[in-house]
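From first to last, the protein sequence lines stand for chains A and B. Counting in our numbering, the first sequence runs without a single skipped number right up to 276 at its last residue. Counting in our numbering, the second sequence runs without a single skipped number right up to 611 at its last residue. Note that the Cβ used here is the ideal one computed from N, Cα and C, for glycine as well. Computed from a predicted model, the values in this text were never measured in an experiment. The structure appears right after this line, and notes come after that.
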Amino acid sequence: MKKVRHASVIPGFGLSLGYASFYASLIVFIPLAALFAKAFTLTWAEFWSTVLDPQAVASYRLSLGAAFIGALINLVFGFVVAWVLVRYQFFGKRIVDALVDLPFALPTAVAGIALTTLYAPQGWIGQWLTPLGIKVAYAPLGVVVALTFIGLPFVVRTLQPVLEELEKEVEEAAASLGASRWNTFQRILLPALLPALLTGFALAFARAVGEYGSVVFISGNMPFRTEITPLLIVTKLEQYNYAGAAALAVVLLVFSFVLLLLINLLQYWASKRAGA
Amino acid sequence: MFKTFSKIALVVSLVTSSLAFAQQEVKLLNVSYDPTRELYVDFNRAFAEHWQKTNNQKVTVSQSHGGAGKQARAVIDGLAADVVTLALAYDIDAIHEEAGLIPKDWQARLPHNSSPYTSTIVFLVRKGNPKNIKDWDDLVKPGIEVITPNPKTSGGARWNYLAAWAFAKKKLGSDEKAREFVAQLYKNVPVLDSGARGSTTTFAQRGIGDVFLSWENEAFLAEKEFGKGTFEIVVPSLSILAEPPVTIVDKNVDKHGTRKVAEAYLEFLYSKTGQDLAGKHFYRPRDPEIAAKYAKQFVDVKLVTIDEEFGGWQKAQREHFNDGGIFDAIYKPGR
Numbered sequence: 001m002k003k004v005r006h007a008s009v010i011p012g013f014g015l016s017l018g019y020a021s022f023y024a025s026l027i028v029f030i031p032l033a034a035l036f037a038k039a040f041t042l043t044w045a046e047f048w049s050t051v052l053d054p055q056a057v058a059s060y061r062l063s064l065g066a067a068f069i070g071a072l073i074n075l076v077f078g079f080v081v082a083w084v085l086v087r088y089q090f091f092g093k094r095i096v097d098a099l100v101d102l103p104f105a106l107p108t109a110v111a112g113i114a115l116t117t118l119y120a121p122q123g124w125i126g127q128w129l130t131p132l133g134i135k136v137a138y139a140p141l142g143v144v145v146a147l148t149f150i151g152l153p154f155v156v157r158t159l160q161p162v163l164e165e166l167e168k169e170v171e172e173a174a175a176s177l178g179a180s181r182w183n184t185f186q187r188i189l190l191p192a193l194l195p196a197l198l199t200g201f202a203l204a205f206a207r208a209v210g211e212y213g214s215v216v217f218i219s220g221n222m223p224f225r226t227e228i229t230p231l232l233i234v235t236k237l238e239q240y241n242y243a244g245a246a247a248l249a250v251v252l253l254v255f256s257f258v259l260l261l262l263i264n265l266l267q268y269w270a271s272k273r274a275g276a
Numbered sequence: 277m278f279k280t281f282s283k284i285a286l287v288v289s290l291v292t293s294s295l296a297f298a299q300q301e302v303k304l305l306n307v308s309y310d311p312t313r314e315l316y317v318d319f320n321r322a323f324a325e326h327w328q329k330t331n332n333q334k335v336t337v338s339q340s341h342g343g344a345g346k347q348a349r350a351v352i353d354g355l356a357a358d359v360v361t362l363a364l365a366y367d368i369d370a371i372h373e374e375a376g377l378i379p380k381d382w383q384a385r386l387p388h389n390s391s392p393y394t395s396t397i398v399f400l401v402r403k404g405n406p407k408n409i410k411d412w413d414d415l416v417k418p419g420i421e422v423i424t425p426n427p428k429t430s431g432g433a434r435w436n437y438l439a440a441w442a443f444a445k446k447k448l449g450s451d452e453k454a455r456e457f458v459a460q461l462y463k464n465v466p467v468l469d470s471g472a473r474g475s476t477t478t479f480a481q482r483g484i485g486d487v488f489l490s491w492e493n494e495a496f497l498a499e500k501e502f503g504k505g506t507f508e509i510v511v512p513s514l515s516i517l518a519e520p521p522v523t524i525v526d527k528n529v530d531k532h533g534t535r536k537v538a539e540a541y542l543e544f545l546y547s548k549t550g551q552d553l554a555g556k557h558f559y560r561p562r563d564p565e566i567a568a569k570y571a572k573q574f575v576d577v578k579l580v581t582i583d584e585e586f587g588g589w590q591k592a593q594r595e596h597f598n599d600g601g602i603f604d605a606i607y608k609p610g611r
């Protein structure tokens, strides 16, 4: 009848759960609740006219769309970077590894100004793109570039530990059993990496949706064209319209939350399939 | 025994505290906007000397700079400013309306609408003025690129917009025509930076645009910073009198016990020393004697005021810049 009471390394389920919920409330739930409370000081009619304003709708399209594209780009190229860093030894690897974290450490305004300097029509990169008719700075493409930049570390850093855990021998076994490279990648690597890839994507996306500092420098902030939702939130604050600002924030939150929920479901489904 | 001891203790503590009061250092926090940084560094030093001499007390003034709207919100949300020196009366009005930290009639408390120095909006063009830009009319011509920040996020940009409006209304005669003029002008704006410093970078470092609408003092600073001969200042035929106002924050100074020194600080802005420093940092002084000294620096230009032309900041903000206002209508698609 004697039950094993020491199921976990850290003792005190009650205490740690209590602490966890207290901490989560303090850091996350209370500010979010305050945000929702502020947004719903508006009447329903005011709320809807604020969040469905054509200018606001245009900004959601840009903010969510550019964040999604940026996260997709990072999914592919972040994977490549992580793969190279884990599987190969080369000169300067430590430096490249450290560079990946730079978008975390750099103040976003600095990142925005640096990217604009590069991609402006007379910038180092921009001067070569302008004759080809490609406009990056002061165009929606610039927003994608900035959001890709800030999202990169999320994908790389979530993939790296998983890749390190993967045993090369499994791939070799697959190859020796006659699997093509593509087959090995698709059947062996991808299922094992899928949860980490999804997490990385979700983190990069969520981070990009709320990004303000770097985007406002490169986007040009033209209403209906290159105006992101966080900028509209700031313009509402400039009018001391706190409730209106909170309403737009609620919209972004709901969109992000639904997307993160979908990704979690996908992950659940993927891990179940992998386990079966 | 205990009673005598407590009496002595009381006397001792009273004496020490009053001694401490005489020499205790007093601290002020001045919450200001972006372009005043250099001015207040000099001014704070001058005021500290003045206060030491007249009141035998050391005073340290801390500075906080940022966009005017953001700074006003910080004060509303509890940043313990003793004085605020912001770009627009509108932002200081908000401190009264949103937080009640100052009385409604704050702007009548000091001379000249509580604005010890003024500025105006001028044009900064590239060397030699290649597009031959002389006045506001030239800005609406096809092929001219105008750099100005977004009036929804930048206080300075609102002055630019209103100056253009005032010119058009004087010249073309009606609000309807002025509206068309301003809409045409913003068609020539390729980038709307979120703040004045961002626009300066766009124009000066990215090389975008033919003309940059700027505070006069910022234009002088840009000229100084990037070297004369890189840019030229063009003064239009008519501009707007920008009055950046100052006030003490009553609730905060009463809590800190700093009312007397905070009031003296603002009054010192109106003194010969304060006015001279304003002139040195390219703000137009109010004092006629000091203004005469800097007359060579500032071109004489016809200036209209917000109160006469637009019925005050509250009204101008509501009609032009709030959501659904005229500025938003300019960018509605299908126009």
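Tell me which residues of the region 418-447 of chain B have at least one Cβ-Cβ distance to chain A shorter than 8 Å, keeping chain order. 426, 428 and 429
Which residues mark the beginning and the end of the alpha helix (DSSP H) in which residue 593 of chain B is found? First-last for residue 593 of chain B: undefined, no H or E at that position.
Please report the Cβ distance between residue 56 of chain A and residue 248 of chain A, rounded to the nearest whole angstrom; I am assuming they are in contact, meaning their Cβ atoms lie under 8 Å. 6 Å
In chain B, which residues lie less than 7 Å from residue 235 of chain A when you measure between Cβ atoms? 428 and 429
Chain A residues whose Cβ lies nearer than 8 Å to that of residue 370 of chain B: 240
Tell me whether the region 175-195 of chain A and the region 99-119 of chain A touch, counting them as touching only if at least three CB pairs, one residue from each stretch, are closer than 8 Å. no
Could you give the first and the last residue of the continuous alpha helix (DSSP H) run that contains residue 606 of chain B? 602-606
With 8 Å as the C-beta to C-beta threshold (strictly closer), list the residues of the region 219-234 of chain A near chain B in chain order. 220, 221, 222, 223, 224, 231 and 234
Is the CB-CB distance between residue 340 of chain B and residue 522 of chain B below 7 Å? no
Taking 7 Å as the CB-CB cut-off, is residue 470 of chain B touching chain A? yes
Span separating the alpha-carbon of residue 631 of chain B from that of residue 472 of chain B: Chain B is shown from 277 up to 611; residue 631 of chain B falls before or after that span and cannot be answered.
Taking C-beta pairs closer than 8 Å, name the residues in chain A that residue 349 of chain B reaches, listed in chain order. 237 and 240
Could you give the distance in angstroms between the alpha-carbon of residue 28 of chain A and the alpha-carbon of residue 245 of chain A? 19 Å
Tell me whether the region 86-100 of chain A and the region 249-262 of chain A touch, counting them as touching only if at least three CB pairs, one residue from each stretch, are closer than 8 Å. no
So residue 337 of chain B is in the beta strand (DSSP E); what residue range does that whole segment cover? 335-340
According to a CB-to-CB cut-off of less than 7 Å, which residues of the region 194-217 of chain A neighbour chain B? 216 and 217
Rounded Cβ spacing between residue 116 of chain A and residue 218 of chain A (contact assumed at less than 8 Å): 5 Å
Positions along the region 475-492 of chain B whose CB lies within less than 9 Å of some CB in chain A: 477, 478, 481, 482, 483 and 484
Quick check: the Cα distance between residue 399 of chain B and residue 512 of chain B, rounded to an integer number of angstroms? 7 Å
Rounded to whole angstroms, how far is the Cβ of residue 487 of chain B from the Cβ of residue 422 of chain B, which I believe are closer than 8 Å? 6 Å
Residue of A:49, A:185, A:220 and A:152 minimising C-alpha distance to residue 102 of chain A: A:152
Cα-Cα separation, residue 454 of chain B to residue 238 of chain A: 25 Å
Please check if any C-beta of chain A sits within less than 7 Å of the C-beta of residue 360 of chain B. no
Find out if the Cβ-Cβ distance for the pair residue 370 of chain B, residue 348 of chain B is shorter than 7 Å. yes
Can you find at least 3 beta carbon pairs, one from the region 560-574 of chain B and one from the region 586-595 of chain B, that sit closer than 8 Å? no
Establish whether the CB of residue 19 of chain A and some CB of chain B are separated by less than 7 Å. no
What number of angstroms, rounded off, separates the C-alpha of residue 96 of chain A from the C-alpha of residue 157 of chain A? 13 Å
Output yes if chain B places a C-beta closer than 7 Å to the C-beta of residue 259 of chain A; else output no. no
Over what stretch of residues does the beta strand (DSSP E) that includes residue 546 of chain B continue unbroken? Note, residue 546 of chain B: premise wrong, no beta strand (DSSP E); not H, not E.
Distance between beta carbons of residue 464 of chain B and residue 415 of chain B, contact taken as under 8 Å: 6 Å
When you compare only the Cα positions, how much space is there between residue 193 of chain A and residue 600 of chain B? 49 Å
Taking the Cβ atom as the reference point for each residue, do residue 442 of chain B and residue 516 of chain B lie within a distance shorter than 7 Å? yes
Closer than 7 Å by C-beta to residue 534 of chain B: which residues in its own chain qualify, once you throw out the five before and the five after it? Chain order, please. 302, 304 and 358
Near the ligand FMN: residue 441 of chain B beta-carbon under 6 Å from a heavy atom: As far as ligands go, the structure on display features none, and thus does not contain the ligand FMN.
For residue 296 of chain B and residue 510 of chain B, I'd like the C-alpha separation in whole angstroms. Only weak support is given to the placement of residue 296 of chain B: the predicted model assigns it a pLDDT of 48, under 50, and the value that follows is read from those uncertain coordinates. Residue 296 of chain B and residue 510 of chain B: Cα-Cα distance of roughly 55 Å.
Any contact of the region 202-213 of chain A with the region 29-36 of chain A, i.e. 3+ C-beta pairs under 8 Å? no
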